[in-house]
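> Numbering (our numbering), first residue to last: 988 to 1091. No residue lacks a Cβ here, since even glycine has one placed at the ideal position from N, Cα and C. Computed from a prediction, not measured in an experiment: that's the story for all the values here. Before I ask anything, let me first share the structure, which is written out below as C-alpha coordinates.
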Amino acid sequence: MTLVVAAALTGCGGGARTGKASVTVQVGRTHCGQGWSRSHAGTETLLVQNADRAAVDVAVVSGGEIFAELEDVGPGTTRPLHVSLKAGTYAVACRPADASSVMG
(Lines of atoms letter the chains of each structure in order from A and count residues from 1; the text may use other names and numbers.)
(Lines give C-alpha, C1' and ligand atoms only; values in the text may rest on other atoms or scores of the structure.)
Protein backbone atom coordinates (compact mmCIF):
# COMPACT_ATOMS: atom_id res chain seq x y z
CA MET A 1 0.00 0.00 0.00
CA THR A 2 1.44 3.37 -1.04
CA LEU A 3 0.48 6.19 1.29
CA VAL A 4 0.89 9.94 1.10
CA VAL A 5 1.15 11.92 4.32
CA ALA A 6 -1.80 14.22 4.38
CA ALA A 7 -2.00 16.09 7.66
CA ALA A 8 0.95 16.49 10.02
CA LEU A 9 0.16 16.45 13.72
CA THR A 10 2.32 17.28 16.72
CA GLY A 11 1.94 15.48 20.03
CA CYS A 12 1.77 17.31 23.32
CA GLY A 13 4.83 17.26 25.51
CA GLY A 14 2.83 17.41 28.71
CA GLY A 15 2.46 13.69 29.31
CA ALA A 16 -0.02 11.03 28.36
CA ARG A 17 -3.76 11.40 28.61
CA THR A 18 -5.35 9.39 31.34
CA GLY A 19 -8.58 8.63 29.46
CA LYS A 20 -9.37 7.62 25.94
CA ALA A 21 -9.92 10.43 23.47
CA SER A 22 -12.24 10.10 20.48
CA VAL A 23 -12.35 12.36 17.43
CA THR A 24 -14.08 12.07 14.05
CA VAL A 25 -11.64 12.18 11.13
CA GLN A 26 -12.98 12.63 7.60
CA VAL A 27 -11.34 10.95 4.61
CA GLY A 28 -12.00 10.73 0.87
CA ARG A 29 -10.52 11.27 -2.59
CA THR A 30 -10.03 15.02 -2.05
CA HIS A 31 -9.17 15.22 1.65
CA CYS A 32 -7.50 13.19 4.36
CA GLY A 33 -7.41 13.60 8.12
CA GLN A 34 -9.83 16.50 8.46
CA GLY A 35 -10.87 16.83 12.07
CA TRP A 36 -7.66 15.63 13.75
CA SER A 37 -5.61 18.78 14.15
CA ARG A 38 -3.42 17.73 17.07
CA SER A 39 -2.40 14.35 18.40
CA HIS A 40 -1.88 13.67 22.09
CA ALA A 41 0.40 11.25 23.86
CA GLY A 42 -1.68 8.32 25.05
CA THR A 43 -4.52 6.28 23.63
CA GLU A 44 -6.80 7.85 21.04
CA THR A 45 -9.66 6.52 18.98
CA LEU A 46 -10.07 8.07 15.56
CA LEU A 47 -13.57 7.61 14.17
CA VAL A 48 -12.61 7.41 10.49
CA GLN A 49 -15.56 8.65 8.43
CA ASN A 50 -15.50 8.05 4.67
CA ALA A 51 -17.81 10.56 2.99
CA ASP A 52 -16.70 9.49 -0.48
CA ARG A 53 -18.01 6.95 -3.01
CA ALA A 54 -14.95 4.66 -2.92
CA ALA A 55 -13.16 2.72 -0.18
CA VAL A 56 -10.11 4.37 1.43
CA ASP A 57 -7.06 2.90 3.20
CA VAL A 58 -6.06 5.05 6.20
CA ALA A 59 -2.98 5.02 8.47
CA VAL A 60 -1.42 7.02 11.30
CA VAL A 61 2.27 7.42 10.47
CA SER A 62 5.46 9.04 11.74
CA GLY A 63 8.96 8.90 10.31
CA GLY A 64 8.04 6.20 7.81
CA GLU A 65 6.56 3.96 10.53
CA ILE A 66 2.88 2.94 10.59
CA PHE A 67 1.36 3.13 14.08
CA ALA A 68 -2.18 2.09 13.15
CA GLU A 69 -4.08 1.41 9.95
CA LEU A 70 -7.46 0.56 8.51
CA GLU A 71 -7.92 -0.99 5.09
CA ASP A 72 -10.99 -0.56 2.92
CA VAL A 73 -13.03 1.93 4.91
CA GLY A 74 -16.21 1.66 2.84
CA PRO A 75 -18.14 4.53 1.30
CA GLY A 76 -20.44 6.26 3.77
CA THR A 77 -19.12 4.30 6.75
CA THR A 78 -17.40 5.22 10.00
CA ARG A 79 -14.90 2.82 11.60
CA PRO A 80 -12.84 3.20 14.79
CA LEU A 81 -9.05 3.30 14.54
CA HIS A 82 -7.38 2.80 17.94
CA VAL A 83 -3.85 4.13 18.33
CA SER A 84 -1.43 4.51 21.24
CA LEU A 85 0.99 7.39 20.69
CA LYS A 86 4.03 8.78 22.43
CA ALA A 87 4.76 12.51 22.32
CA GLY A 88 5.84 13.36 18.78
CA THR A 89 4.76 14.33 15.29
CA TYR A 90 2.24 12.13 13.47
CA ALA A 91 0.26 12.29 10.24
CA VAL A 92 -2.83 10.73 8.72
CA ALA A 93 -2.19 9.10 5.34
CA CYS A 94 -4.90 8.05 2.86
CA ARG A 95 -5.15 6.07 -0.34
CA PRO A 96 -8.55 5.93 -2.04
CA ALA A 97 -9.34 2.74 -3.97
CA ASP A 98 -10.23 4.48 -7.25
CA ALA A 99 -7.86 7.47 -7.19
CA SER A 100 -4.30 8.53 -6.52
CA SER A 101 -3.12 9.12 -2.96
CA VAL A 102 -4.40 12.40 -1.62
CA MET A 103 -2.81 15.22 0.38
CA GLY A 104 -4.96 17.36 2.62
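Going by the beta-carbon positions, is the gap between Ala1041 and Asp1085 smaller than 8 Å?
Working through the sequence shown from its first residue, we reach residue 1041 at position 54. Working through the sequence shown from its first residue, we reach residue 1085 at position 98. Yes, the Cβ-Cβ distance between Ala1041 and Asp1085 is below 8 Å.
> Where Ala1080 and Cys1019 are concerned, what is the direct C-alpha to C-alpha distance, given to the nearest angstrom?
For the purposes of this step, residue 1080 is taken as residue 93 along the sequence shown, with counting starting at 1. For the purposes of this step, residue 1019 is taken as residue 32 along the sequence shown, with counting starting at 1. Straight-line Cα distance between these residues: approximately 7 Å.
> For His1069, collect the residues of the same chain with a Cβ closer than 6 Å to its Cβ; drop the 5 residues on either side in sequence, then sort them by chain order.
Residue mapping note: residue 1069 aligns to position 82 of the sequence shown, counting from 1. Contacts found: Thr1032.
> Are the CB atoms of Val1043 and Glu1056 nearer to each other than 8 Å?
Within the sequence shown, residue 1043 is the residue found at index 56, counting from 1. Within the sequence shown, residue 1056 is the residue found at index 69, counting from 1. Cβ atoms of Val1043 and Glu1056: not closer than 8 Å.
> Quick check: what's the CA-CA separation for Gly1050 versus Arg1082?
Reading the sequence shown from its first residue, position 63 is the one you call residue 1050. Reading the sequence shown from its first residue, position 95 is the one you call residue 1082. Straight-line Cα distance between these residues: approximately 18 Å.
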